[in-house]
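One structure is given here, and the rest of the page talks about it.
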Amino acid sequence: MRGKKKKTTWDICTIVLLPVRARGFGWIWEVDVVLTIAKLGAHSVSYYDSTVAEGIGPDNYYSEAGSAPAQVWSRSDRVAECAAFLGVEQGQSLDGDQVKKWFNHTTAPSGNRLGQVMREDGVRGYDLTFSAPKSVSVLWGLSGRDEVRQVVDEAHAMAVARALDYLETHASYTRRRDENKTLIVDKTVGLSGVKYEHRTSRAGDPHVHSHVLLANRQLCPDGQVRSVDGKSLYHEARAAGMLYQAVLREELTRQLGVEWGEVTKGQADIKGLNDPAVLTAFSTRTTEIGQWEAENALTTNYQLQRVAQKKTRQTKNVDAVLSDLETQWAQQRAAQQVAQFAAGLGAGATEEKKNLPTPEAVLTEVIAERSTFTRADVVEKCAEMIPVGTLSPDEILGFVEATATHALESVALSVTPDRAREVDNTQREGSQRFTTDAVIQEVNKGIDLATTKTHNAVSADSIVPVEGTLSPAQAEAMAAVVSSDFLASVVVAPAGAGKTSSLKAARQAWEHAGKTVIGLAPTGKAADVMVGEHVAHESSTIARALYGTEDLAPAQVAARLGWNRDTVVVVDEAGMVATPDVVRLLEITRAAQAKIVLVGDPHQYAAVKARSGMLATLAYELPDAVELTEVFRQRDVAEREASIQLRSGDKDSIKRAAHWYMLQGRLEAGSTTAMLDDALAGWTSDTAAGKDSLLVAATGEQVQALNAGAQKIRADRGELYLSEARELSTGQWLHAGDVLLTRKNDYDLLTSAGDVVRNGQRWRVDQLHGDGSISATRLDDTQATATIPASYLKESGQLGYASTGHSAQGATVDVARVVAGAGQVDRASVYVPLTRGREGNYLYLTESMPGDTDTGHGGVTPTKRREGAEYARDLLIAAAARDGADQTPHQVWGTARADWALTRLAASGEFINYSPFTGTRMGEVMAEREAQRAERFSEFFTLTQIPPKQKSALPSEPDVSEKCATEVNASPQDEVKRYQHRAGEYAAALEQVRAQQAQAQAQLDAMAGEKTQLESALRELEQKKRQVTAESQGRGFFAKMIKRSEDERRLDQLEAALVAGRGEVEKFMPGYRQVEAVVSDLGVQAHKLAVQEKQARDQARYYLGLAAMEDPVSSVGLSEALNKPSQKRFRSHPPQSQSQALQYHRDQDQGLGR
């Protein structure tokens, strides 16, 4: 295990604030990013200074090579005060030494100190990189007209200025202690720093962009200097990028008359220059990862031919001055098209006048992608929707601000408390979340449908535990599902919890009752598995089932699908299903009088670019929802526990999980190339040992690089047939023996099993045919074969040694090795891939260096940097603490209310009757929902109606009826204290068990070292014996006669030593296995105690919800209802299984920010 290493002084991380979008024109990546943001380390400023051409004075805008010296920028309502304090004016040029003193040595150009000297690993500032669309850069570089270039420069500068104005208003925050030592969020006087202008990329392509460096130390109103609040900055940065693009479009249209293509993710390209051939010609990528791929890829004649074609088409001298680069650009085939286009430009031409977006229209677009949102989300969407020609560039920011304000004050509903109402200056500006009535009504409709009684229950008698196949807990859960009378059932299943085995048992019960099971899933691969694993009789993707049904009534759709009272619909991976689709399926199910079962995990991936979260909400609302709490996939019990802890979202649990991964050597962190090296090396060892190993990466570029490296290793082993190849969509080549990943559902490509080729399936290439097609065998239990044509491969095929996390979801392999950007992943992004492997799961966290993007400059020099194990652990903790999944407003409100109450309880030690959650529209909605839920749960859990499967979950000591009688009048406050005390007891016991486990693990580790030494000694003796035998056999006849006695003596000695050594191992192993068993048993005990502690804390949280509200019971008319005996029993005793299975999403530590 590596020791803790001091943090290196490069960038901590680079965050791309808009997703990278790749389209395959060969393998040229089109990167749609409007703004990137990176933290700056100690040597970052030196890098940026190195991009400035020597001899450039303050009067030069940029050099011939397209770079400019640092220029001061500042945004503040108190400009004069800032300028006086810093000693510089807006637009003033600074040399490298001045910038270094300002950023690195906390000394302003005026000589004023900017606080204490930063630690070596401190954050010096942030690089906000604003990049123009590729078509704008091409116009700047190839127009051949100085006036066009000047217009682009000025438009870019104007757009950057407006974006910085926005950030000064909404992101200029710091955190400080008030007079009560409470950490509060406060405004700074403004924002300031320097910017570097560049007009080319590292590869020598036209690339208009600005590196806006924001100093971390900023002046505050009280005269002190404090650090910028990074969370506020990151929260608002994407909105600033959208504003930049909107202003840029408007100004270029006004000055040059250009028109624009479709706006996607805030960005559009100029019509006439948005031809893929034009953009591809000037989109060369030269990055650290690309360099690594080139050094590790296979170089057959096919690959060499491809490289030669690229070099012929795009040979550029990156060190050339601008005039030389222009000459190179002019030689490109697309240059003439650009020049002709530029020649026809002229001011005055504008697009057809269109209407400005209304607040209602903006919110409609916002909620299409998320259930709740912040003000910044509204700003992003509004900026994206502004038609060109409707506003002047100077009016755009004001319009966006006014529209966002009106939308939030007059149209949207606040889900979390208003800061002004709560007067809580500990909250950031982006912490308040909103929703709309439409979203609330949609979720309410889903809840009402799901909780409808249908009386479709069937007998669970056939569901019995089977050793090694179905555990008692799984059998109990499935019995609850099939015997449920609700329209919907929910099964929450962590990764590796035996979901398939459980559902197969449920299918048998439904079959015995004459039911037909229909499987639905968001992906075709998951749908096929449901039939292949005998979970469903037939299956389909949700999109295919609902296609063309938008205008049909639910009953019509049910008839079209053939659903009826004897139909059970099982929806797998339900956490990835968008809320509108969930509600639609519920409508159809009710119309068919059928049954629907939603299976999934809210802690795994959510729906992509669509509002979601219904699975967790329905799990909370349905009394008989179940959660499979046992994990079986990992062979190591301790790793199973670690995966559950990582999934939980609880800070302490995450820390314990990360610590375990660290101790087991499962974590690494460092530069991108070092982590790619290590992941590939691990994969190489795995596969050499005959293991099924999967590489998982966060980005397409990393996936491509790892695929290239893995392919070369297999070729070097002689496992590929290199005489022929087929080109793939990535520009890589496929050989017989390779592993293929198919990336599109194709219903015309049938397999030998009768199903179709699906997106996300892995195949072994068996043979290449003369017509360009291949024969391949699917790498799953079916071993189905298919013939895949060359056209499919070139459009939708890629090598299958590595894949993204989404593609890997559902996979089970021996070993998973995961490469992920430290600042770009959240809990689901690490939890899902880290649970793919049975024998081991490894995480390699990467961190970018300055300049390792298309906006970087200079040559690419991959740096092999590796951090200490403890540093890698801390990065994992930070990643797992982030939750980027969308949640329904009901979830967000419930979590926020519990957090508010717990925060104040912790601060004062007393319950507070006042709650900012009452008296609001959302509060009224939730009060009504909670009343209905209480009635539903009360009815369900009345003891005379509880099925046998639930009785064991109720308190049994001393006696349920006696306990209810003694505690029926207990106040919620008393219940909170009681369950908190119980949780404390469990926690204390857990701590003792963990201490014992640590001691036993230490003993096991020591014994493991001794075991390794014994085994090593045996191997050495065996090797010496083989050497002596080989020497003896290699001698000539006479030498054998002379040396026979000596050889026999040596062999006898070695054999005696081997016998003694084996005896030592035999004596040693029983003790070793005993300690190993102790460690395993203690791990199981720790897991059980952790579950019990969580149950107790969830119970306390439940009662805290009752106590923290301002008389919430009477306010919703429940006081009379709760006086009924059954309701009193429920109020004093919610069943523990309710908390265990339903309360997982109410996580105290989940942030309310974006």
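Counting from 107, one number per residue, gives the positions in the sequence shown under the working numbering.
Even for Gly, the Cβ is constructed at its ideal location relative to N, Cα and C.
Taking the straight line between their C-alpha atoms, what separation do you get for residue i and residue j?
i, j, result
"LEU1110", "GLN1102", "12 Å"
"VAL809", "ALA908", "5 Å"
"GLU226", "ASN210", "9 Å"
"ALA403", "THR778", "16 Å"
"ARG360", "GLU342", "28 Å"
"PRO312", "LEU874", "41 Å"
"ALA922", "MET720", "30 Å"
"ASN947", "ASP783", "17 Å"
"ALA436", "HIS317", "27 Å"
"GLY450", "PRO499", "23 Å"
"GLU973", "SER152", "22 Å"
"THR883", "THR891", "4 Å"
"LYS610", "GLU515", "51 Å"
"THR120", "THR941", "At THR120, the pLDDT of 42 sits below 50, so the modelled position is not reliable; the number obtained from the coordinates is stated separately. The straight-line gap from Cα to Cα measures roughly 26 Å."
"PRO895", "GLN438", "33 Å"
"VAL468", "ALA352", "15 Å"
"ALA1202", "GLY1000", "18 Å"
"LYS113", "TYR977", "Here the model assigns LYS113 a pLDDT of 38, short of 50, so the residue's position is not dependable and the matter cannot be decided."
"ALA1278", "GLY943", "In this structure the chain extends from 107 to 1260, so residue 1278 is not present and cannot be described."
"PRO1176", "ALA1106", "15 Å"
"THR421", "ALA816", "Per-residue confidence for THR421 stands at a pLDDT of 41, beneath the threshold of 50, marking its modelled position as unreliable; the derived number appears in the next sentence. Rounded to the nearest angstrom, the two C-alpha atoms are 28 Å apart."
Can you tell me where the beta strand (DSSP E) holding residue i begins and where it ends?
i, result
"TRP208", "TRP208 -> not in any beta strand (DSSP E); alpha helix (DSSP H) instead, spanning 202 to 209."
"ALA716", "Where ALA716 is concerned, there is no enclosing beta strand (DSSP E), given that its DSSP letter is neither H nor E."
"ALA594", "594 to 598"
"GLN709", "The sequence given here places His at residue 709; Gln does not occur at that position. No beta strand (DSSP E) holds HIS709; DSSP gives it neither H nor E."
"TYR853", "852 to 856"
"THR910", "908 to 910"
Pick helix, strand or coil for residue i, following the three-state DSSP scheme.
i, result
"SER338", "helix"
"GLN222", "coil"
"ILE492", "coil"
"LYS371", "coil"
"GLU733", "strand"
"GLN538", "coil"
"HIS315", "strand"
"LEU362", "helix"
"ASP920", "strand"
"GLU1068", "Residue placement at GLU1068 is flagged as unreliable, the pLDDT there being 33, under the threshold of 50; the coordinate-derived value follows with that caveat. In this structure, GLU1068 counts as helix in the three-state DSSP scheme."
"ASN380", "coil"
"ASN1229", "With a pLDDT of 35 at ASN1229, under the threshold of 50, the predicted position of this residue should be treated as unreliable, though the coordinate-derived value follows. DSSP places ASN1229 in helix when its eight states are reduced to three."
"ARG823", "coil"
"TYR302", "strand"
"ARG283", "strand"
"PHE1047", "coil"
"LEU828", "strand"
"LYS293", "strand"
"HIS149", "coil"
Where do the N-terminal and C-terminal ends of the alpha helix (DSSP H) with residue i fall, by residue?
i, result
"THR793", "778 to 794"
"ALA563", "Counting along the chain, ALA563 falls outside any alpha helix (DSSP H), and DSSP gives it neither H nor E."
"ARG762", "757 to 769"
"THR213", "That residue, THR213, is in no alpha helix (DSSP H); it is neither H nor E in DSSP."
"GLU507", "499 to 512"
"SER241", "240 to 248"
"GLY943", "Per DSSP, GLY943 belongs to no alpha helix (DSSP H); it is in the beta strand (DSSP E), 943 to 953."
My guess is that residue i and residue j are in contact by the Cβ rule of under 8 Å, so how many angstroms apart are they, rounded?
i, j, result
"ALA1327", "GLN1086", "No answer is possible for residue 1327: the residues shown for the chain start at 107 and end at 1260."
"GLN993", "ALA722", "7 Å"
"THR685", "ARG717", "5 Å"
"THR606", "VAL641", "6 Å"
With a floor of 3 residues, list each beta strand (DSSP E) that falls wholly inside the segment 863 to 903, ordered by position along the chain.
-> If only uninterrupted beta strand (DSSP E) runs of at least 3 residues are considered, those enclosed by the segment 863 to 903 are 868 to 874, 880 to 884, 891 to 894.
Along the chain, which unbroken stretches of the alpha helix (DSSP H) at least 4 residues long are found entirely within the segment 617 to 685?
-> Counting only runs of 4 or more, we get 630 to 638, 648 to 652, 660 to 667.
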